[in-house]
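Presented below is the structure to which this report refers.
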């Protein structure tokens with residue numbers, strides 16, 4: 159009888175001349191090869207959790223970026239509104255300062271106007287007066303008020319009142335003091351004498367009808 163030797167494991171055949179790696183691969187049991195997929199699954203779960211964490215962080219960063227972008231846009235809009243408000247206030251303050259300065263000059267301009275009416279605006283005084291009027295005009299000062307124009311209580315101040323047969327409406331018949339404005343802003347109304355139609359008088363015919371009657375030669379003689 160042949161007796162089996164106890165305590166010795168059967169080793170696979172290793173070809174002669176094989177490298178140590180090939181010998182180790184040949185000597186490894188087949189059960190270890192079958193366990194490899196279980197190890198891959200064990201490594202995939204942590205990787206998936208890590209990927210999910212990165213995705214959540216990315217979403218948080220995107221949300222924070224959107225919030226900061228909206229904050230920046232809101233700040234830019236507020237800054238633009240602030241700039242427009244400051245510019246508007248600056249223009250308003252400038253207009254008020256110019257109006258106050260020119261208001262103080264109105265009595266001087268009135269004296270110049272009276273001197274011109276009386277023929278006293280001559281020599282060096284005339285040159286200085288015209289220079290002052292030019293500077294005031296460059297600053298936006300405009301004079302208004304003429305005889306014969308309809309009375310407008312928004313720009314005229316009536317100091318004298320009378321009746322006249324040759325007017326069809328309340329009319330400025332004399333300019334006592336000219337009015338002045340800067341742009342659309344009136345800094346002094348024109349002070350005028352006004353005349354109204356005679357009470358109970360028939361309204362005068364329009365000038366166009368009067369001209370037509372004069373051209374036709376008037377009524378025929380019988």
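Numbering (the numbering used here), first residue to last: 159 to 380.
Each residue gets a CB set at the ideal place from its N, CA and C atoms; glycine is no exception.
Small disclaimer: the values here were computed from a predicted structure and weren't measured.
Quick one: Cα of residue i to Cα of residue j, how far?
i: residue 279; j: residue 262; result: 21 Å
i: residue 302; j: residue 259; result: 19 Å
i: residue 250; j: residue 295; result: 19 Å
i: residue 305; j: residue 333; result: 6 Å
i: residue 247; j: residue 208; result: 58 Å
i: residue 224; j: residue 343; result: 48 Å
i: residue 309; j: residue 345; result: 18 Å
i: residue 283; j: residue 266; result: 12 Å
i: residue 291; j: residue 329; result: 28 Å
i: residue 299; j: residue 228; result: 47 Å
i: residue 312; j: residue 327; result: 16 Å
i: residue 350; j: residue 323; result: 19 Å
i: residue 154; j: residue 216; result: For the chain, the structure presents residues 159 to 380; residue 154 sits outside this window and is missing.
i: residue 188; j: residue 226; result: The predicted position of residue 188 is uncertain, since its pLDDT is 48 and thus under 50; no value can be drawn from it.
i: residue 274; j: residue 357; result: 38 Å
i: residue 319; j: residue 354; result: 8 Å
i: residue 293; j: residue 339; result: 15 Å
i: residue 253; j: residue 297; result: 10 Å
i: residue 245; j: residue 321; result: 50 Å
i: residue 194; j: residue 220; result: Because the pLDDT at residue 194 is just 47, under 50, the model does not fix this residue reliably, and the point stays unresolved.
i: residue 276; j: residue 287; result: 15 Å
i: residue 230; j: residue 268; result: 56 Å
i: residue 206; j: residue 214; result: 12 Å
i: residue 211; j: residue 235; result: 36 Å
i: residue 325; j: residue 238; result: 55 Å
i: residue 190; j: residue 203; result: Note that residue 190 scores 46 on pLDDT, short of 50, meaning its location in the model is unreliable; the coordinates nonetheless yield the value given after this. Between residue 190 and residue 203, the C-alpha separation is close to 21 Å.
i: residue 285; j: residue 240; result: 46 Å
i: residue 264; j: residue 281; result: 22 Å
i: residue 222; j: residue 243; result: 31 Å
Three-state secondary structure (DSSP) at residue i?
i: residue 300; result: strand
i: residue 326; result: coil
i: residue 313; result: coil
i: residue 307; result: coil
i: residue 335; result: strand
i: residue 278; result: coil
i: residue 189; result: Caution applies to residue 189, whose pLDDT of 44 falls short of 50 and renders its modelled position unreliable; the value that the coordinates give is listed next. Helix, per DSSP.
i: residue 236; result: helix
Going by alpha carbons, who is nearest to residue i out of the options?
i: residue 270; options: 221, 250, 335, 240; result: 335
i: residue 348; options: 354, 355, 331, 356; result: 331
i: residue 316; options: 296, 337, 267, 298; result: 337
i: residue 257; options: 353, 341, 266, 222; result: 341
i: residue 390; options: 352, 240, 281; result: The shown model of the chain, from 159 to 380, leaves out residue 390, and the question about it has no answer.
In terms of DSSP beta bridges, what is residue i paired with?
i: residue 353; result: 320, 329
i: residue 202; result: DSSP lists no partner for residue 202.
i: residue 344; result: 339
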